[in-house]
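Presented below is the structure to which this report refers.
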Amino acid sequence: MCGIIGYTGRENAVPKLLDGLSALEYRGYDSAGVAVFDSENKVKVIKSKGRLSVLRDKISLISDELYSECGIGHTRWATHGEPSDVNSHPHGTLNVSIVHNGIIENYADIRENLIGEGYNFISETDTEAAAKLIDSIYIKTRNPVDAMIKASKLLNGSFAIGAVFSDYPGVIYAMRRESPLIAAVSDEGCFIASDISAVLKYTNRFYRIKEDEIAIVNEHEITVLGADKMPVSKELETADWDIQAAEKSGYPFFMIKEIHEEPEAVRKTLRPRIKDGIPDLGIPDLTDEKLISFERIHIVACGTAMHAGMIGKYAIEKLSRIPVNVEIASEFRYNNPILGKKELVVIISQSGETADTLAALRLAKRNGVYTLAVVNVPGSTIANEADSVIYTWAGPEIAVASTKAYQVQLAVMYLFAFKLAYIHGMLSESDMKKYLDELLSDVPEKIGKSIELEEKCSEIAEKYKNHKNIFFIGRGADYILSMESALKLKEISYIHCEAYAAGELKHGTISLVTDGTPVFAIACQDGLFEKMVSNIGEVRARGASVILICKESAELPDGIAEEIIRVPETSELFMPMPVITISQLIAYYTSLSLGLDVDKPRNLAKSVTVE
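For the numbering used here, add 3 to where a residue sits in the sequence shown, where the first one is 1.
Next up, the structure:
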């Protein structure tokens, strides 16, 4: 959620910190700040509530070109205390300034103890408590490493912390527990960051900092120590992503760029995993014999990833008849789930850092259950801790509202479903090859055809943008798509949207439908189409304005809807992929028409690293 960045080197740190913070905006934030060594090697802290542009203006007022060769920066998503200048990071004392991503669970106790030692607090944040705890230890030891390590042992919760000490200009100290952190090297200096996107403009070479390690970063080198203060040998990794992939490439927003990238992202995810018409997950440890042994599957995720898991359940149960539970990660971990040795837990997370999903993964592992992660970010915590991982290879997804990452999650779920059906003898090789050929070749093309309906989607968005309530209805897989469609629209347009199983309307929900209420009806399942026509009639009888999303070939009664979007057609199993692109476009153009920040909706974060 919060993002941290640090640079020390031979060039001006300030523009690099601001570039890094800009690249981290997708994680969600409500304030930002930097701490830099000035020309007299004193630490200067500049921070502000609001967008990064406010911080830039504040820095410009101080100096036309503030110069520093070492500093740290932060984008904050409020968890303790409202968004404000005083609650913004960095926090600290005359001795130390820190930036922090995560949640310190015992901050209230730490704060109370430090007040007893004579410390005063000016903010409501847990981070200020961590900063002053580090300071209290540093005063006794005068050793930054000792102060950081000893403080880490007293902090409960999750954190990635970057710190600068007034007595050690040009050096950044960083440590982590359950929050992501990398240290990167370039020809001009070294960085710390929450993720690689923050530094891609300058380098793609980085070290991954592991749990309870501490990185000591100066302009020439990065040294990593364990909790025992012994040096840790690290492999220098190279990110596959490049800066071009993480930029807008002429599009007005990342979201629309990422929608346009969906066809190629699906091909890129699938192509290496289909060999001679047979699914190859590329996981040597996950043999056919092991897969056959699983009698039940749990899919655990949050938000959009959970909706991808629900389509996975639909495909797996339809093709292989293996029972699948799909559960919200934040509920799964507290529901005392019944987990057996012959069960598989599939974890889905775009970032690979989602806190509740990570906790669910760890719960499954503690119960001795095999875990398979489906993630987009290479080397993320979930990817590292799961027994096996399938990367989705969507490339960087910057917009908070997930689009192409959802599509490639669907692609992986379909591939996994075919693999299970084939090894269980539920699908012949010839039928599977036909399905996979369509999934690899035809489906991306049809997603592209859906994108060509942009103008139609824009017109519908303009027509319904000022309504306060919008409903989505569907049956079967279309109900799942209704949930994802409602989520997309509400999160970036701020319009109240709800999804309902169409058959449930008459059990209470239909009382909310009044004259002119927009109802999006998704009806792309042939066996359920007549039922959907009846449900559409029910809402129209109450005055609803119906927007029907259906197959190109659908035969429709006269006057069934005010608006009709005919979706490029695939096999019924794959229809969720071209359909959801339509919903994404409607959400995008609604937000755009309302003049909102499409990529960075209020109160939301791309990577939810707190529980």
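Think of the CB as a built atom: it goes at the ideal place given N, C-alpha and C, for glycine as much as any other residue.
Cβ separation of residue i and residue j, assumed to be a contact under 8 angstroms, to the nearest whole Å
{"i": "A386", "j": "A201", "result": "The pair is not a contact, with the Cβ atoms about 19 angstroms apart (cut-off 8 angstroms)."}
{"i": "A196", "j": "G23", "result": "6 angstroms"}
{"i": "V372", "j": "F335", "result": "Not confirmed; about 12 angstroms, so no contact."}
{"i": "I473", "j": "F532", "result": "Between F532 and I473 the Cβ distance is about 22 angstroms, and since that is not below 8 angstroms, they are no contact."}
{"i": "V601", "j": "L607", "result": "So it is not a contact: roughly 12 angstroms between Cβ atoms."}
{"i": "G192", "j": "T11", "result": "6 angstroms"}
{"i": "E224", "j": "Q410", "result": "Going by Cβ atoms, the distance from E224 to Q410 rounds to 41 angstroms, so no, they are not a contact pair."}
{"i": "E261", "j": "A402", "result": "6 angstroms"}
{"i": "I175", "j": "G9", "result": "4 angstroms"}
{"i": "D288", "j": "S391", "result": "6 angstroms"}
Spatially closest choice to residue i from the options, by CA coordinates
{"i": "P447", "options": "A424, S354, S514, K407", "result": "K407"}
{"i": "K316", "options": "R211, S296, L347, V48", "result": "L347"}
{"i": "I7", "options": "E400, Y110, I164", "result": "I164"}
{"i": "F419", "options": "V37, I552, G285", "result": "G285"}
{"i": "G105", "options": "T96, V89, S182, I199", "result": "S182"}
{"i": "P172", "options": "I495, I137, D41", "result": "D41"}
{"i": "Y482", "options": "E494, I107, A504", "result": "A504"}
{"i": "M151", "options": "I118, A111, K232, P86", "result": "K232"}
{"i": "Y467", "options": "M416, A362, L364, Y592", "result": "Y592"}
{"i": "L69", "options": "I259, S87, R59", "result": "R59"}
{"i": "A464", "options": "I585, E455, G511, G530", "result": "I585"}
{"i": "V329", "options": "G306, K344, V46", "result": "G306"}
{"i": "E320", "options": "V46, E14, S431, L576", "result": "L576"}
{"i": "I525", "options": "I539, E457, S296", "result": "I539"}
{"i": "A242", "options": "S574, F256, G398", "result": "G398"}
{"i": "I212", "options": "L21, T360, S383, S87", "result": "S383"}
{"i": "Y478", "options": "V536, T144, I125", "result": "Reading the sequence as shown, one finds Arg at residue 478 and not Tyr. Nearest C-alpha to R478: V536."}
{"i": "F475", "options": "I450, T512, R54", "result": "T512"}
{"i": "D198", "options": "Y497, L366, N379, Y122", "result": "N379"}
{"i": "M435", "options": "A389, Y417, L361, N90", "result": "Y417"}
{"i": "G633", "options": "F257, T128, T573, L228", "result": "Because the chain is modelled from 4 through 614, residue 633 falls outside the range shown and cannot be assessed."}
{"i": "K156", "options": "I107, F194, T128, L203", "result": "I107"}
{"i": "A308", "options": "Q353, R270, G280, F162", "result": "Q353"}
{"i": "F124", "options": "L364, V89, S514", "result": "V89"}
{"i": "K471", "options": "R54, I498, A480", "result": "I498"}
CB contact flag (residue i, residue j, <7 angstroms)
{"i": "I351", "j": "A414", "result": "no"}
{"i": "L396", "j": "T272", "result": "Going by the sequence as given, residue 396 is Trp instead of Leu. In this structure, T272 lies closer than 7 angstroms to W396 by Cβ."}
{"i": "D518", "j": "G562", "result": "no"}
{"i": "S63", "j": "V57", "result": "no"}
{"i": "L665", "j": "R208", "result": "The requested residue 665 does not occur in the structure, where the chain is confined to residues 4 to 614."}
{"i": "I393", "j": "L294", "result": "no"}
{"i": "P630", "j": "V48", "result": "Shown here, the chain extends from 4 to 614; a query on residue 630 therefore has no answer."}
{"i": "A38", "j": "E72", "result": "no"}
{"i": "K603", "j": "E28", "result": "yes"}
{"i": "P579", "j": "I314", "result": "yes"}
{"i": "A404", "j": "E494", "result": "yes"}
{"i": "A154", "j": "I101", "result": "no"}
{"i": "A590", "j": "K491", "result": "yes"}
{"i": "Y141", "j": "N109", "result": "no"}
{"i": "F421", "j": "P255", "result": "no"}
{"i": "S91", "j": "S34", "result": "yes"}
{"i": "E457", "j": "L588", "result": "yes"}
{"i": "E214", "j": "V227", "result": "no"}
{"i": "A564", "j": "V542", "result": "no"}
{"i": "K345", "j": "E298", "result": "yes"}
{"i": "S169", "j": "V46", "result": "yes"}
{"i": "Y205", "j": "K237", "result": "no"}
{"i": "I583", "j": "L484", "result": "yes"}
{"i": "G95", "j": "L20", "result": "no"}
{"i": "R145", "j": "F162", "result": "no"}
Contact test: residue i Cβ vs the ligand ADP heavy atom, cutoff 6 angstroms
{"i": "E131", "result": "The ligand ADP is absent from the structure shown, which contains no ligand whatsoever."}
Which complete alpha helix (DSSP H) runs does the segment 455 to 531 hold, if anything under 4 residues is left out? Segments of the alpha helix (DSSP H) lying fully in the segment 455 to 531: 457 to 467, 480 to 496.
Going residue by residue through the segment 390 to 452, where are the continuous alpha helix (DSSP H) segments of at least 4 residues, counting only ones entirely within it? For the segment 390 to 452, whole alpha helix (DSSP H) runs of length 4 or above, ordered along the chain, are 407 to 426, 432 to 440.
Decide if the segment 219 to 227 is in contact with the segment 181 to 193; the criterion is three or more beta carbon pairs, one per stretch, under 8 angstroms apart. Touching, yes.
Going residue by residue through the segment 184 to 259, where are the continuous beta strand (DSSP E) segments of at least 3 residues, counting only ones entirely within it? Listed in chain order, they are 185 to 189, 192 to 196, 208 to 211, 217 to 220, 225 to 228.
For the structure I just gave you, are there three or more beta carbon pairs, one from the segment 491 to 507 and one from the segment 543 to 558, closer than 8 angstroms? The segment 491 to 507 is not in contact with the segment 543 to 558.
At a cut of 8 angstroms, does the segment 318 to 325 reach the segment 353 to 373 through at least three beta carbon pairs? The segment 318 to 325, when compared against the segment 353 to 373, does not touch it at the 8 angstroms Cβ threshold.
Taking contact to mean 3 or more Cβ pairs, one atom from each stretch, closer than 8 angstroms, check whether the segment 563 to 572 and the segment 429 to 443 are in contact. Too few Cβ pairs lie closer than 8 angstroms, so no.
Taking 8 angstroms as the cut-off, does the segment 101 to 118 touch the segment 130 to 137 (at least 3 CB pairs, one atom from each stretch)? Result yes; three or more Cβ-Cβ pairs closer than 8 angstroms.
Taking the runs of the alpha helix (DSSP H) that are 4 residues or longer, which of them lie wholly in the segment 127 to 171? Restricted to the segment 127 to 171, the alpha helix (DSSP H) segments that are unbroken, complete and at least 4 residues in length are 129 to 144, 147 to 157, listed in chain order.
As an exercise, report each continuous beta strand (DSSP E) stretch of at least 3 residues that is fully enclosed by the segment 4 to 75, in chain order. Those beta strand (DSSP E) runs which fall completely within the segment 4 to 75 and span 3+ residues are 6 to 12, 34 to 40, 46 to 52.
Hey, which unbroken runs of the alpha helix (DSSP H) at 4 residues or more fall wholly within the segment 314 to 393? 332 to 335, 358 to 369, 384 to 388, all fully within the segment 314 to 393.
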